[in-house]
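This report concerns only the one structure given below.
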Amino acid sequence: MIIITRSGITDAEIDHIRERVESLGMRTHISRGEQRTIIGCIGDESLLHEVALLALPGVESVTPVLKPYKLVSREFVDSPSVVRVGNGATAVVGGRDLAVIAGPCSVEGRQMLFDTARTVRSYGAGLLRGGAFKPRTSPYAFQGMGQAGLHLLAEVRAETGLPVVTEVMDTRQVELVAEHADMLQVGARNMQNFALLGEVGRVQRPVLLKRGLSATIKELLMSAEYIMAQGNREVVLCERGIRTYETATRNTLDVAAIPVLKAETHLPVLVDPSHAGGRAELVAPLAFAAIAAGADGLMVEVHPNPENALSDGDQSLTFPAFRQFMERLRPFAEAAGRALAPCRVGREVAA
Ligand code: PEP
Ligand code: MN
Numbered sequence: 483m484i485i486i487t488r489s490g491i492t493d494a495e496i497d498h499i500r501e502r503v504e505s506l507g508m509r510t511h512i513s514r515g516e517q518r519t520i521i522g523c524i525g526d527e528s529l530l531h532e533v534a535l536l537a538l539p540g541v542e543s544v545t546p547v548l549k550p551y552k553l554v555s556r557e558f559v560d561s562p563s564v565v566r567v568g569n570g571a572t573a574v575v576g577g578r579d580l581a582v583i584a585g586p587c588s589v590e591g592r593q594m595l596f597d598t599a600r601t602v603r604s605y606g607a608g609l610l611r612g613g614a615f616k617p618r619t620s621p622y623a624f625q626g627m628g629q630a631g632l633h634l635l636a637e638v639r640a641e642t643g644l645p646v647v648t649e650v651m652d653t654r655q656v657e658l659v660a661e662h663a664d665m666l667q668v669g670a671r672n673m674q675n676f677a678l679l680g681e682v683g684r685v686q687r688p689v690l691l692k693r694g695l696s697a698t699i700k701e702l703l704m705s706a707e708y709i710m711a712q713g714n715r716e717v718v719l720c721e722r723g724i725r726t727y728e729t730a731t732r733n734t735l736d737v738a739a740i741p742v743l744k745a746e747t748h749l750p751v752l753v754d755p756s757h758a759g760g761r762a763e764l765v766a767p768l769a770f771a772a773i774a775a776g777a778d779g780l781m782v783e784v785h786p787n788p789e790n791a792l793s794d795g796d797q798s799l800t801f802p803a804f805r806q807f808m809e810r811l812r813p814f815a816e817a818a819g820r821a822l823a824p825c826r827v828g829r830e831v832a833a
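In this text, residue positions in the sequence shown follow our numbering: the first is 483, and each later residue adds one.
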């Protein structure tokens, strides 16, 4: 920690600051300039949280030297982490292969879920998404199928072998959702629900943590730290667009967050171009940009009939559009040195 003092600080004030810092067991190094005196604090920086440094007379600013996060940081784990999702037919997030999570915004029923799962699997997706508990802006909008949706997800996993990712919104649902899902999604609106982060940190399920609508990169990392501090080290981050003054798109995809996160943390970083752009035609260009910027994979909304979707139809890809998307993604993946699972069906199949 470096303390910069106000000009005109008195010797008594400097002595007082030094005594407070040294009383915590730290050492100080005083550097007197013409205008300012700088006080370097040497030792366990976390101890300084016990003193409101800015409240000490003569202190102008305080700059931490160490990062506030530990377990998520590159300093803690030097090489990129790989998160394995599912039992048996496991999906790997963070390896050489790009992870593609695809599926409907919401689980709406058996037929649509099974059709979507089979289709996205055949076109190369490695995981299935689908919300059973939905965080909707309006209390009158479709709130998800709840527990019945979780049962359908578990069934479709048993049939297709695709690990399933679904959102958990409430601490009281964590056990139930973890029983049925392979990966727990903490949505943007809950990124700083610290009780929920603590709870998902105590279960043995990988967590997909989405960036909050107005959260900084540091806040996203601190939220991941909350989960990891409880013992769950299987965390994947997801950039899904942030709120800006721009209204042409639903959110603004923060492409720069991808290389910044990759430099700061060993955790895998995914991008959700569907919620970022908010429109189906924006999904492909945003996804290509994300892969070029170093993302470890994508989460994409796909629906058999977006016109009639109960949530997020505007941004959902049809089956043929998803197929075309996966084909167009391949050269971007290769250019970025990543591999993509092959499309497993011929052209004649399912549209
Ligand atoms: C979702 O994935 O359907 C969702 C609600 O995403 P977000 O939390 O990023 O808005
Ligand atoms: Mn959605």
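We treat Cβ as the ideally placed atom computed from N, Cα and C, and that holds for glycine. Keep in mind the model is a prediction, meaning the values are calculated, not measured.
Check	Outcome
Who's in the neighbourhood of the ligand MN, going by beta-carbon under 5 Å from any heavy atom, listed in chain order?	C587 and D794
Kindly indicate which residue of K549, L735 and M483 has the alpha-carbon position closest to the one of L703.	K549
Run the proximity test for H757: is its beta-carbon closer than 8 Å to any non-hydrogen atom belonging to the ligand PEP?	yes
For P788 and G795, which I take to be in contact (beta-carbon distance under 8 Å), what is that distance rounded to the nearest angstrom?	4 Å
With a Cβ-Cβ cutoff of 9 Å, do I524 and I512 count as a contact?	no
For the alpha helix (DSSP H) holding M594, just list the boundary residues, first then last.	R592 to S604
State the start and end residues of the unbroken alpha helix (DSSP H) segment that holds S705.	I699 to A711
Given a cut-off of 9 Å on the beta-carbon distance, is the pair V753 and S705 in contact?	no
Applying the criterion that 16 or more other CB atoms from any shown protein chain within 10 Å of the CB defines a buried residue, is M483 buried or exposed?	buried
Following a CB-centred definition, is G613 positioned closer than 8 Å to any heavy atom of the ligand PEP?	yes
With distance defined between alpha-carbon atoms, name the residue in V717, V647, V638 and L679 nearest to R654.	L679
Shortest alpha-carbon distance to L610 belongs to which of D597, S620 and Y622?	D597
Among V565, H757 and S555, which has the Cα closest to the Cα of R725?	H757
Shorter than 8 Å, the distance from the beta carbon of P617 to the closest heavy atom of the ligand PEP, or not?	yes
Using CA coordinates, which residue listed in P621, A777, T601 and Q674 is at the minimum distance from Q806?	T601
Considering only their Cβ atoms, is the gap separating C587 from G608 smaller than 9 Å?	no
Going by C-alpha to C-alpha distance, which of V547, G577 and V646 sits closest to R820?	G577
If you drop the 5 nearest sequence neighbours on each side, which residues of the same chain put their C-beta closer than 7 Å to that of R502?	V533 and L538
Which residue's Cα is closest to the Cα of H498: L536, Y605 and L749?	L536
Using only the alpha-carbon positions, how far apart do A832 and A636 sit?	Interpretation of A832 is limited by its pLDDT of 47, a score under 50 that renders its predicted location unreliable; the figure taken from the coordinates is listed afterwards. Between A832 and A636, the C-alpha separation is close to 23 Å.
Hey, how far is the Cα of G606 from the Cα of G522?	54 Å
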